[in-house]
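Visitor: Here it is: the structure, laid out below.
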Amino acid sequence: MKQLAEIHTAFIERADDVSLLNTPAVNALRQKAKAQFERHGLPGKKQEDWKYTSLWQLGQEQFVYQAVETTLDAETIDRLALVTGSYRLVIVDGVFQPELSRLADLPQGVKLQAMSQLDADIADQLNQQIDLEKPGFNALNTMLFSEGLYLHIANDIQLSQTIELVVVNSGKTANLAVHLRHLVRLENGAKATLIEHYVAVDDAATGLNDIVTEVALAQDAQLEHYKLQQESVTSYHVATMAAHQAEGSHWHNANISLGGKLARNDVHSRLEGEAAHLTMSGLYLVAGDQHVDNHTRIDHSVANTSSDEVYKGVMDEKSHAVFNGKVFVHKDAQKTDANQSNHNLLLSRGCEIDTKPEMEIYADDVKCGHGSTVGQIDMDQLFFLRARGLDEVSARSLLTFAFAVDVLERLPSDEIKQALSTVIEQRLPRGAKV
Amino acid sequence: MTDQTQQLETLTRKEYSAGFVTDIESDSLPPGLNEDVIREISRIKNEPEFLLEWRLKAYRHWLTMDTPIWAHVQYPEVDFQAISYYSAPKKKTDGPKSLDEVDPELLRTYEKLGVPLDERARLAGVAVDAVFDSVSVANTFQDKLAEQGIIFMPLSKAVQEYPELIKQYLGSVVPYQDNYYAALNSAVFSDGSFVYIPKGVRCPMELSTYFRINAANTGQFERTLIIADDDAYVSYLEGCTAPMRDENQLHAAVVELVAMNRAEIKYSTVQNWYPGDENGKGGIYNFVTKRAACRGESSKVSWTQVETGSAITWKYPSVVLQGDNSVGEFYSVAVTNNMQQADTGTKMIHLGKNTSSTIISKGISAGRSQNAYRGLVRMGPNAENARNYTECDSLLMGDRCAAHTFPYIEVKNPTAKVEHEASTSKISEDQLFYCKQRGLDTEDAVSMIVNGFCKQVIRELPMEFAVEAQNLLGLSLEGSVG
Amino acid sequence: MKMLEIKNLHATIDGKEILKGIDLTVNAGEVHAIMGPNGAGKSTLSNVLAGRDGYEITQGEILYKGENLIDLEPEERAQRGVFLAFQYPVEIPGVSNIYLLKAALNAVRKYQGLDELDAIDFLTLVRSKMELVKMDEQFLHRSVNEGFSGGEKKRNEILQMALLEPALAILDETDSGLDIDALRIVSEGVNALRDTDRSMIMITHYQRLLDYIVPDYVHVLSNGRIVKSGDKDLAKELERSGYSWIHDAPEGVGA
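Chains as they are written, first to last, in this note's numbering: chain A, 1 to 434; chain B, 435 to 916; chain C, 917 to 1171.
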């Protein structure tokens, strides 16, 4: 049995080998992050944010950084990708794949590149949305990230085509650790749709994906931001999506978590301009001995901002899910309108859900509410369907599916809604009889 | 808008009406805490050896513990060596045998507080045990209750008369290791009430304790133990006040309830400890551990609390639902004004089958106060068909107060159902205007709307308490609305 | 006797001027109807008369029985006999109807220097008033307006008016949301309260209500001003021709 400190040391030793974006400014950030990581390390269960998620198992792993050379063909990527006909940036086993990507013919004012292809120093855009002083993966990611997506859209450019980032674990290298940092910046009035898609070719692929996505939305910018996590159920996935929203901006974040032995998502937005609006949608479907943990935090920092959050989860077999949603209304953030809900469906004996919807409110003229439920398939509905001729297994699947796809109804893009709906149908827990 | 806020603020500025000091001689131990102090408390109370041993174990354990810091409250570190751990009104002999022997000055105190001692007590049908600083000073109706086999007496007396019951139940719901303040209480508790309702007995009257801290620099560490045997029923009321003093005073009580098969305990609290002045000077630190065990099948425990006082409130009256079909309820109103801080809520621990719990929490914050609901609903793996319903609403009055909600929900049984809803909003200007258009002044309008907001909780209180609670709500918010 | 005198009343909300110089005199015992299209300023006028926050009076005065109303709090106006029947009566969860009625009546009586009514006298009084609007006694014990239908809410308003016996009643869109039966019941209640010492101002978009409660005077409010005044026939004329013509009317026409 190993202590967490051993894997800390392993990570720290790796730090000096990272060669991406080797400018003095970036290196300074990495050195600072290294010091912070040495100080805090990975979080333990005594940390309130990690109360229900243990990193003990992750600490037992020995991750590798040298991927076996792999080539995937275009058909495989087409099959794996969520949508067709989009701009595409493909990363396989941590390595950018220019020939599998579709980055040509971008409109004027749109910069979409792999981090490794950047010609400018972007140090001043790094670590703007994340906090490194908190125990967690932010310092680790800053210290070790070696690839990622860079998206910048200039004033008033509205990109109609979707961008899909496809991050593939080929399964060729066991226990491969990949650290990615994505930067997304939309200037005033810009508009885009981005899908972050994590997928494994091999159901038994192992490894760690450690992701940080930083989003900056300027005035009136609109970003539809989807994340679909379909890793193998034998790998680790830890991701942060953190946004800053200026006046009148709208971030529509949808977070679909299906795979992973251990998957942890931290989604955070700071609404710092009036009339900024945030939509958060989330869905987690887990089975077997999967563990998924979604932590969301919404900071209403100024007056007249609004947020609307719905997370739903289905737990089957011995799986364990955690939801923690915090709505923070700062002093003087009057007229905040914040709504949050989390609903959970338990399908079998042995599964577990721990949910904590929180509110901290320091302004008085607000409308804030949250609701949380834990339950099972409704027996009356089940009976109704069976009375109409469905067998019990189909009836259960149908009701489980209906519970889950309810979240997709909130998504603005029909094409993505459809594609996700198909994915979910395939991954549906079988819904054993309780 | 601003007018409104200003008026609201004037309205919530109130005078604490229970803030007088009673001029009475008292015997106190000098401030400080060590094993000798504990031995001395135990000696004064002539306790059996097992209790002294238990106190010492608790004390040694307490020394190894850290002050809890997770609650959403802030205060300077408490100097436990500056507190006197025992204070009693001076008495001639062993203690009052009847009301005639009680110091008339003390009786006047309770009269001012509206405690229905003696004749008034009988008329009101309330049996009262009054705890003044650390000791129980009067206990009415003991004889009448004894006829039915009900034991209702100061804990210190029960230790002498029923040592087996004490040995069996004391610390069985809240063990001394439970938390920092429970450990401290176990080491130094001075007195409190003991209630035992025998099998099949429905206690014919409300039992009641009034707690009052009078002496300066004293902590109050009372301990209440209530046991309802099979098919028994009891309704218990607890009221608290303290004089206005500039220093903070510590109140670290422990309440343990045990409900056996089909027994029911209803525990109601109106807590009006001195909250400190409008700048946060003085006031009681109310760090209390209250827990009930529904040990028997189909047993029921219901906590109802109206918390308007204390500088800081830190309490989570909880129910451990062990027996199948047992029921836990928590109805709470917590009002904070000026610089008050409250972190309060409940824990419902479902272990048995078909257990159910209901949580209704109403928080009202005014002034610059902080008001947090913290709750845990846990469905254990064997809690088949367990149910919980939680509703948690906060009302804000004024733009410098804060309201927080921290509900923990842990479910390990796939047949369990949990529903939690919470809302936070400002007192409605439309409602205020409507009431004012009907001729009510702001103060009455606010009091009416706030009482309406709290109705689900107030109606759970016994009648005589409900009236007191409603008045308190109005008083506590005086000067807060505009 | 002059019950109400409004002189050159200008009022703004969030800096936008809604009332742009209203002049209106209502004598004791008179019933006035104020009609006008949406956005004319009808609701602003009723809210300003009742003293709602959020409106700023930039010019003019409001005299009620010769006393300036503008500096009085809403409850002080109510205690002096100014009653507003709300267009959208608010729900107050947890506060029973009877409790509000009693508190309101006692607030008015206290101002008048009268003793509070005891429980029995109060109940007798309320019951007699409830007959007027054909309300069942169970409404007394429900929370104020909570779960009431549109018609029940409006009847509840008239019940409060009957109980408080105001000198000046302002009925804000009392007919909105009422079916024909409810409209009849409400109107009968209002008519029963007509009195030589009581004045009423009915604010309405539609002429329909005026078939049931016949006014002494009708005024047309448009763009923050009274653009035309007349007797009840003016309402009929409006019904025939709608409100569009008033936009063509020259400035300053009317009262």
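For each residue, glycine too, the CB sits at the ideal point set by N, CA and C. In this text, all values refer to a predicted model and were calculated from it rather than measured experimentally.
Check whether the Cβ atoms of B/Val635 and B/Gln602 sit closer than 7 Å, and answer yes or no.
Guide: For B/Val635 and B/Gln602, no; Cβs fall outside 7 Å.
Visitor: With H, G and I counted as helix, E and B as strand and the rest as coil, what does DSSP make of A/Val68?
Guide: Residue state, collapsed to three classes: coil.
Visitor: Would you say B/Gly873 faces chain C, with C-beta separation under 7 Å as the test?
Guide: Output row for B/Gly873: interface = yes.
Visitor: Rounded to a whole number of angstroms, what is the C-alpha to C-alpha distance between B/Glu474 and B/Pro465?
Guide: Each residue's Cα considered, the two are about 13 Å apart.
Visitor: Would B/Ser910 count as contacting chain A if we go by Cβ distances under 7 Å?
Guide: Not an interface residue.
Visitor: To the nearest angstrom, report how far apart C/Ala1165 and C/His1121 are at their CA atoms.
Guide: Annotation note: pLDDT 49 at C/Ala1165 (below 50); position unreliable, no value reported.
Visitor: DSSP three-state call for A/Asp293: helix, strand or coil?
Guide: Looking at A/Asp293 - three-state DSSP - the assignment turns out to be strand.
Visitor: Measure the alpha-carbon distance for C/Leu1039 versus B/Ala505 and round it to whole angstroms.
Guide: C/Leu1039 and B/Ala505: Cα-Cα distance of roughly 49 Å.
Visitor: Strictly by DSSP, which residues pair up with C/Asp969?
Guide: Answer is none; C/Asp969 lacks a bridge partner.
Visitor: Per DSSP, B/Val754 is paired with what?
Guide: B/Val754 is bridged to B/Ala727, B/Ile783.
Visitor: Which residue's Cα is closest to the Cα of B/Leu659: B/Tyr842, B/Asn713, B/Ala727?
Guide: Here the closest residue by C-alpha is B/Ala727.
Visitor: Who are the neighbours of B/Gly886 on chain C, taking C-beta pairs under 9 Å?
Guide: Under the 9 Å cutoff, chain C gives Ile1008, Pro1009, Gly1010, Val1011, Ser1012, Tyr1015, Ser1059, Val1060.
Visitor: Taking buried to mean at least 16 other C-beta atoms within 10 Å of its own C-beta, is A/Phe384 buried or exposed?
Guide: Result: exposed.
Visitor: Looking at chain A, is there any beta carbon in it that lies within less than 7 Å of the beta carbon of B/Thr436?
Guide: Because B/Thr436 carries a pLDDT of 44, less than 50, the predicted location of this residue cannot be relied on, and the following value inherits that uncertainty. B/Thr436 does not count as touching chain A.
Visitor: Do A/Ile298 and A/Ser341 come within 7 Å of each other at the CB atom, strictly closer than that value?
Guide: Their beta carbons are not under 7 Å apart, which means A/Ser341 does not touch A/Ile298 by this criterion.
Visitor: Can you pull the DSSP bridge partners for B/Asn822?
Guide: For B/Asn822, which the question treats as bridged, DSSP gives the partners B/Ser791, B/Val852.
Visitor: Between which two residues does the alpha helix (DSSP H) containing C/Ile1119 stretch?
Guide: Note, C/Ile1119: premise wrong, no alpha helix (DSSP H); beta strand (DSSP E) at 1115–1120.
Visitor: At which residue ranges does the region 47–135 of chain A contain complete beta strand (DSSP E) runs of 3 or more residues, listed in the order of the chain?
Guide: 87–92, 110–114, all fully within the region 47–135 of chain A.
Visitor: Check B/Arg812 in the structure and name its three-state DSSP category.
Guide: B/Arg812: strand per DSSP, three-state reduction.
Visitor: Of the residues that make up the region 768–792 of chain B, which ones have a beta carbon closer than 7 Å to any beta carbon in chain A?
Guide: For the region 768–792 of chain B, which is checked against every Cβ of chain A, not one residue is closer than 7 Å.
Visitor: Could you name the residues of chain C that B/Glu863 contacts, counting a contact when the two beta carbons are closer than 8 Å?
Guide: Within 8 Å Cβ-Cβ: Asp969.
Visitor: Using DSSP bridges, identify the partner residues of A/Gln229.
Guide: A/Gln229 is bridged to A/Tyr198, A/Ser257.
Visitor: How many Å lie between B/Asn613 and B/Asp500 at the Cα?
Guide: So the two alpha carbons sit approximately 9 Å from each other.
Visitor: Which residues in the same chain have their Cβ closer than 6 Å to the Cβ of B/Ser590, if we skip the five residues on either side of it in sequence?
Guide: Once the five neighbours on either side are set aside, the close Cβ partners of B/Ser590 are Lys479, Asp625.
Visitor: Are the CB atoms of A/Ala174 and A/Phe63 within a distance shorter than 7 Å?
Guide: The answer is no: Cβ separation not under 7 Å.
Visitor: Using 8 Å for Cβ pairs, my map puts A/Ile153 next to A/Ala123. What's the rounded Cβ distance?
Guide: Rounded, the Cβ-Cβ distance is 20 Å, inconsistent with contact.
Visitor: At the 7 Å Cβ level, is C/Ala994 part of the contact set with chain B, yes or no?
Guide: Output row for C/Ala994: interface = yes.
Visitor: Among all the DSSP beta bridges, which residues are the ones paired with B/Asn720?
Guide: Per DSSP, B/His685, B/Thr747.
Visitor: Taking 7 Å as the threshold (beta carbon to beta carbon), is C/Val1042 in contact with chain B?
Guide: Not an interface residue.
Visitor: A/Tyr254 and A/Tyr226 look like a contact to me (Cβ under 8 Å); what is the Cβ gap, rounded to whole Å?
Guide: According to the sequence displayed, residue 254 of chain A carries Ala and not Tyr. Between A/Tyr226 and A/Ala254 the Cβ distance is about 5 Å, and since that is below 8 Å, they are a contact.
Visitor: CA-CA distance, A/His244 and A/Ala192?
Guide: Going by the C-alpha atoms only, they are around 16 Å apart.
Visitor: Rounded to whole angstroms, how far is the Cβ of B/Ala900 from the Cβ of B/Ile892, which I believe are closer than 8 Å?
Guide: With 8 Å as the limit, B/Ala900 and B/Ile892 qualify as a contact, their Cβ atoms being about 5 Å apart.
Visitor: Please identify, using Cβ separations under 7 Å, the residues of the region 342–368 of chain A that lie next to chain B, in order along the chain.
Guide: Listed in sequence order: Leu346, Leu347, Ser348, Arg349, Cys351, Glu352, Ile353, Asp354, Thr355, Lys356, Pro357, Glu358, Met359, Glu360, Ile361, Tyr362, Ala363, Asp364, Asp365, Val366, Lys367, Cys368.
Visitor: Roughly how many angstroms separate the alpha carbons of B/Ala580 and B/Ile661, rounded to a whole number?
Guide: Cα to Cα, B/Ala580 sits roughly 15 Å from B/Ile661.
Visitor: Cutting at 6 Å between CB atoms, please list the residues of its own chain near A/His300, excluding the five before and the five after it.
Guide: Leu271, Val329, Ala333, Thr336, listed in sequence order.
Visitor: To the nearest whole angstrom, what separates the beta carbons of B/Ile843 and A/Thr355, a pair I think is in contact under 8 Å?
Guide: Between A/Thr355 and B/Ile843 the Cβ distance is about 5 Å, and since that is below 8 Å, they are a contact.
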